[in-house]
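Asks: Protein chains in written order, with the numbering used here: chain A, 1 to 113; chain B, 1 to 113.
#1: When the Cβ atoms of the stretch 85-99 of chain A are set against those of the stretch 29-36 of chain A, are three or more pairs found closer than 8 Å?
#2: Taking beta-carbon pairs under 9 Å, can you tell me which members of the stretch 41-52 of chain B lie near chain A?
#3: Compute the beta-carbon to beta-carbon distance between residue 154 of chain B and residue 101 of chain A, rounded to the nearest angstrom, for a pair I have assumed lies under 8 Å.
#4: Give me, in chain order, the residues of the same chain whose beta-carbon lies closer than 8 Å to that of residue 14 of chain A; leave out the 5 immediate sequence neighbours on both sides.
#5: On the criterion of 16 or more Cβ atoms from any shown chain inside 10 Å, does residue 43 of chain A qualify as buried, or is it exposed?
#6: Let me know the beta strand (DSSP E) ranges lying completely inside the stretch 1-36 of chain A, each 3 residues or longer, listed in chain order.
#7: Judging by CA-CA distance, which residue of B:25, B:3, B:12 is the nearest neighbour of residue 41 of chain A?
#8: If the cut is a Cβ gap below 7 Å, which residues of chain A does residue 139 of chain B touch?
#9: Name the chain A residues whose beta carbon is nearer than 7 Å to that of residue 88 of chain B?
#10: Short of 8 Å in beta carbon distance, which residues of its chain neighbour residue 1 of chain B, apart from the five on each side in sequence? Order them along the chain.
#11: Give the secondary structure of residue 14 of chain B by DSSP, where H, G and I count as helix, E and B as strand, and everything else as coil.
#12: Alpha carbon to alpha carbon, how far is residue 101 of chain B from residue 34 of chain B?
#13: Can you tell me where the beta strand (DSSP E) with residue 93 of chain A in it begins and where it stops?
#14: For residue 119 of chain B, go through chain A and note every residue whose CB falls closer than 7 Å to its CB, in chain order.
#15: Using DSSP with H/G/I as helix, E/B as strand and the rest coil, what is residue 83 of chain B?
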């Protein structure tokens, strides 16, 4: 079974731009969660999608948004990028969410200049 | 304030030494997971502990869940350079309706040959 895939793996943007990251979960998994990882803050939860609906949301500004498609693939969008948005963005999938085992993708490393 | 505190934050040891990483909280968790993350990759699940007092062994790694389900430890016997990485604990509180995992700040382990 293929693992979680994320594209692109690396991205460089400038302040004020917007970016869209993509995540394909493990086949059959319906829950997709997004996390931001930085050296200072560690792994922080952004949001979780299940069956195309946002089911959980972390404490991030509205510039961070996401969506999930009928095939469970998910996208995350960040608008009006700030320098502090530079981070590793991780996507994780699970069969039904709810704190069960999550399988992580390799992440997208975003650098905002 | 971090809900899950990990200690130590950094650990550099020689090959063959033993070590213990701690994950502590004042909150009760329905389950606790340990992940290892290598540079440039997403976290990979090592183990999930569910029952208070539970002990699980994975080759040279021993995981323990506290009786009150508020803390956990990871013990590595005869560490090897391949054990190098970032170790993360993550707690689930499904009984509260909160579905997202809460991650600890991580312990960065370096094993010198």
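Yeah, the Cβ is synthetic: ideal placement off N, Cα and C, and Gly gets one too.
Predicted model, so just to flag it, every value in this text is computed and none were measured.
Replies: On the basis of the data shown:
#1: yes
#2: 41, 42, 43, 44, 45, 48
#3: Limits of chain B in this structure are 1 at one end and 113 at the other, which puts residue 154 of chain B out of reach.
#4: 81, 112, 113
#5: buried
#6: 5-7, 10-13, 19-24
#7: B:3
#8: Residue 139 of chain B cannot be examined here, being either before or after the span of chain B that is shown, 1 to 113.
#9: 43
#10: Because residue 1 of chain B sits at a pLDDT of 48, beneath the cut-off of 50, its placement in the model cannot be relied upon, and the point is left open.
#11: strand
#12: 11 Å
#13: 87-94
#14: Chain B is shown from 1 up to 113; residue 119 of chain B falls before or after that span and cannot be answered.
#15: helix
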